[in-house]
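Q: Sharing a structure, written as structure tokens. Questions coming.
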Amino acid sequence: MVNTPIDSTIVKRKIAESGIKDVGKASIREIKRLIDQIENESGEKFIRMEMGIPGLPPNHFGVEAQIAALQNGVAAIYPDIQGIPIVKNEMARFAKNFLNIEVNPEGCIPTVGSMQGSFASYLLLARIYEKRNTTLFIDPGFPVHKMQHRVLDLKFETFDVYNYRGEALREKLESYFSKGHIHSVIYSNPNNPSWICFTEKELEIIGELATKYDIVVMEDLAYFAMDFRKNYSHPAQAPFQPTVANYTDNYILFISSSKAFSYAGERIGMLLISDVLYNRRFENLLKYYVSDAFGYSMVFGTIYPLSSGTSHSSQYALYGILKAANEGKFNFVDEVKIYGEKAKVMKRLFVENGFNIVYDKDENEPIADGFYFTFSYTGMTGAELLNELVYYGISAISLAITGSDRIEGIRACTSLVNKNQFGDLEFRLKSFHQNHS
Ligand SMILES: Cc1ncc(COP(=O)(O)O)c(C=O)c1O
């Protein structure tokens, strides 16, 4: 019996009691509950990397604006479904300042988290064409987006982009687009779970093909400006957050407030629809909506029945945050840089102790240090590795649930790991390596 940092009898008993058959294949929430219980019983704190939740205090510009709005009585009043005018204007300004794109405030819609923006988009996009019925996922990806497809009973196809970076992406995308059944494509950038970031060349390929095959690109910017290799934090100053919007007019952008602004709790996100798409008409929509106009059907045919807009006070919070960022009073990138600093150290500790970084390059450049990274240990699958790491006080999730083909891979999230745990992490990785090499 090998000696492990966490008492193995406790770990075994808790796994048996949890009813989880295979820790390596458990969902994020199952792992969370199991680790909570092992921590309680053993008194040992884990290096917790399973949950992708923000680990910073909320943005104070948001909190102050929201409190003021509540005190002014907005809680009693239905907000405009399409968003209150001041936040729509600030969203359009934000798009100009930090993405360098022009979007009419009309197409800038606050949603109940970016989660609702994607749900509404999937619903609508599945209905724009009679003969096209499939979304394409450029994976790995955020598992909840696939869950949204399943509950809506929508078709999707996926491929892991690992082997199709750079120019190779063109042929791969065309192999799907040319069949004529794809209406839209979705990816996150920076990517959850792998933290790869598409290069300008790759975004250009996606945009060019979207125009050629008339496919809508949904670009999920949940980790807006968090590729810390470049500084995207100054309003109206290059460099800007890269976006497919520079290469096609067929786009929808999802911008979450959860990570970049540490505002996950208030469930407020941004849905930005290009002017061209907003005003476009699709005959097939008339089967489901009173209008054939895309933007109108999004607001009054989709968001209205889903939630009738989003919370009035949180729209004021978003307004406060965006206004401060637009005026250069709030450097939102500086606030979250700590995730990248932690990733840099954590990746080094993993690599020094025999682990490999799975998604390690953007074309020829090493990937950025940020919110997530992926790792593996030679000779083990991700599921085997996760099972084993629990005994070493380390928790994470398998890449298998993210649409990745890299079955050896694990996703680690840096947000909840405290810098004062790095010593423990190093000790635990060392003892793992000693026991396995
Ligand atoms: C890629 C991606 N998209 C969307 C979301 C959800 O964002 P929100 O909290 O704004 O709904 C997340 C949250 O983890 C994410 O990682």
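Heads up, the sequence shown is in this note's numbering, so the first residue is 1 and it goes up one at a time. All residues carry an ideal CB built from backbone N, CA and C; glycine is no exception. Computed from a prediction, not measured in an experiment: that's the story for all the values here.
1. Measuring only from the beta carbon, is Ser257 closer than 7 Å to any heavy atom that is part of ligand 1?
2. Work out the CA separation of Ser258 and Lys329 for me, nearest whole Å.
3. How about Ala317 and Tyr263: do their beta carbons lie closer than 8 Å?
4. Ignore the nearest five residues each way along the sequence and tell me which others in Tyr232's own chain have a CB closer than 7 Å to its CB.
5. Inspect the CB distances between the region 3 to 19 and the region 31 to 51 and report whether three or more fall short of 8 Å.
6. Any heavy atom of ligand 1 closer than 7 Å to the Cβ of Ser188?
7. Near Cys108, what residues of its chain come up, given a Cβ to Cβ distance below 6 Å and the 5 sequence neighbours on each side ignored?
8. If Tyr162 and Lys172 are in contact, beta carbons under 8 Å, what's the gap, nearest whole angstrom?
9. Which one or two residues does DSSP pair with Arg281 in a beta bridge?
10. Are any of the Cβ atoms in chain D nearer than 8 Å to that of Asn100?
11. Compare the Cα-Cα distances from Thr211 to each of Ala222, Tyr251, Trp195 and report the closest residue.
12. Only counting the same chain, and skipping five residues up and downstream in sequence, which positions put a Cβ closer than 6 Å to that of Ala236?
13. Is any heavy atom in ligand 1 found nearer than 7 Å to the beta carbon of Asn192?
14. Starting from Pro143 and walking both ways along the alpha helix (DSSP H), at which residues does that stretch end?
15. Closest to Phe422 by CA distance: which of Gly43, Lys342, Ala222, Gly295 is it?
16. Assuming the contact rule is C-beta atoms closer than 8 Å, Leu169 and Glu202 should be a hit. Round their C-beta distance to whole Å, please.
17. Quick one: what's got a C-beta closer than 8 Å to Lys344's C-beta in the same chain, skipping five residues either side?
18. CB of Phe142 to nearest heavy atom of ligand 1: below 7 Å?
19. Take Glu363 as the anchor and find which of Ser308, Cys197, Lys14, Ala68 has the nearest alpha-carbon.
20. At 3 residues or longer, and completely inside the region 16 to 40: list those beta strand (DSSP E) runs for me, N to C.
21. Beta carbon of Ala439: closer than 7 Å to some heavy atom of ligand 1?
22. Residue range of the beta strand (DSSP E) that Asn356 falls in?
23. Which class does His183 belong to by DSSP, given the choice of helix, strand or coil?
24. Starting from Tyr176, follow the beta strand (DSSP E) in both directions and report where the run begins and ends.
25. Taking the DSSP output, what are the residues bridged to Asp362?
A: Quick answer:
1. yes
2. 19 Å
3. yes
4. Phe98, Ala225, Pro239, Phe240, Gln241, Val333
5. yes
6. yes
7. Lys88, Met91, Ala92, Leu272
8. About 11 Å separates the two Cβ atoms, so there is no contact after all.
9. Ala293
10. Of the protein chains in this structure there is only one, and it is not chain D.
11. Tyr251
12. Asn97
13. yes
14. 143 to 151
15. Lys342
16. 5 Å
17. Asp369
18. yes
19. Cys197
20. none
21. Past the edges of the chain, shown from 1 to 437, lies residue 439, and the structure says nothing about it.
22. 355 to 357
23. strand
24. Counting along the chain, Tyr176 falls outside any beta strand (DSSP E), though it belongs to the alpha helix (DSSP H) covering 168 to 177.
25. Glu365
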